[in-house]
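What follows is one structure encoded as structure tokens, with my remarks underneath.
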Amino acid sequence: MKALKSYTIPFVGLKVGEHHFDYQIDNTFFQHFEYDEFNAVDVKIDLKLDKKSTLLELLFCAEGVVNVNCDITNEPYDQAINDEFKLVVKFGNEYNDENEDILIIPHGEYEINVAQYIYELIILAVPIKRVHPGIEDGSLQSDILSKLEELSPSEDIKTKSSEDIDPRWNNLKKLLTDK
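Numbering of the sequence shown is given in the working numbering, commencing with residue 265 and proceeding in unit increments.
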């Protein structure tokens, strides 16, 4: 994980107040996590660290695009990413990250690595169901989409009326109304 060293922030040397860090995320970042769901990544992370006397507040803002494959047609498209995440870092006796919004680190620590939080922020900003925008507005033409339309059930399925129902059921219906 030496390649992710640039995502380590030594907060001990920082003065009390706001500090800004900018990161440009691309495919090499996700290769360190062995995550290959994205075709291409171009996301800018703006990290605001507010150092206070007893704790740290980190605000991650992610903005950019990731190129993913559509779940319906498998066509690649650019998915816009715009999300933020707030993390509070407190000091305690031992390391504890059970709460997703609060991180407790030992009193002797002097730095924090934010790579995992950036990774999770980008992954969670992508919708669960990825649908190409061309499907929604009807502009995408692909072989897979044509085949799906061809195999979809037709709209002219005859609805059953009361005459089409088996007459043996009529006697049972009388039991419901004879109360």
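For every residue, glycine included, the Cβ atom is placed at its ideal position computed from N, Cα and C.
Quiz item: According to DSSP, which residues form a beta bridge with K393?
Solution: Partner(s): none; K393 has no beta bridge.
Exercise. Check whether the region 361-373 touches the region 427-439, counting contact only when three or more Cβ pairs, one atom from each stretch, lie closer than 8 Å.
Key: no
Exercise. Examine the Cβ distances between the region 282-290 and the region 305-322 and report whether three or more of them are shorter than 8 Å.
Key: yes
Self-check item: Buried or exposed by the 16-neighbour rule on C-beta atoms within 10 Å, applied to Q295
Solution: exposed
Practice problem: Would you check if there are 3 or more beta carbon pairs closer than 8 Å linking the region 352-360 to the region 331-340? | Solution: no
Exercise. For the beta strand (DSSP E) containing K308, list its first residue and its last residue.
Key: A304 to K315
Practice problem: For the beta strand (DSSP E) containing T272, list its first residue and its last residue. | Solution: First-last of the beta strand (DSSP E) with T272: T272 to P274.
Quiz item: When we look at the beta-carbon of G277 and count the other beta-carbons within 10 Å, is it buried (16 or more) or exposed?
Solution: exposed
Quiz prompt | Sequence-distant residues of the same chain with beta carbon closer than 6 Å to K437, five excluded per side | solution = none
Quiz item: Helix, strand or coil: which one does DSSP assign to K279?
Solution: Assignment of K279 by DSSP, reduced to helix, strand and coil, places it in the coil class.
Quiz item: If you draw a straight line from the C-alpha of P397 to the C-alpha of I387, how long is it?
Solution: If I take the Cα positions, the gap works out to 19 Å.
Practice problem: Take E373 and list the residues in its own chain whose beta-carbon comes closer than 8 Å to its own, dropping the five residues that flank it on each side. | Solution: F355
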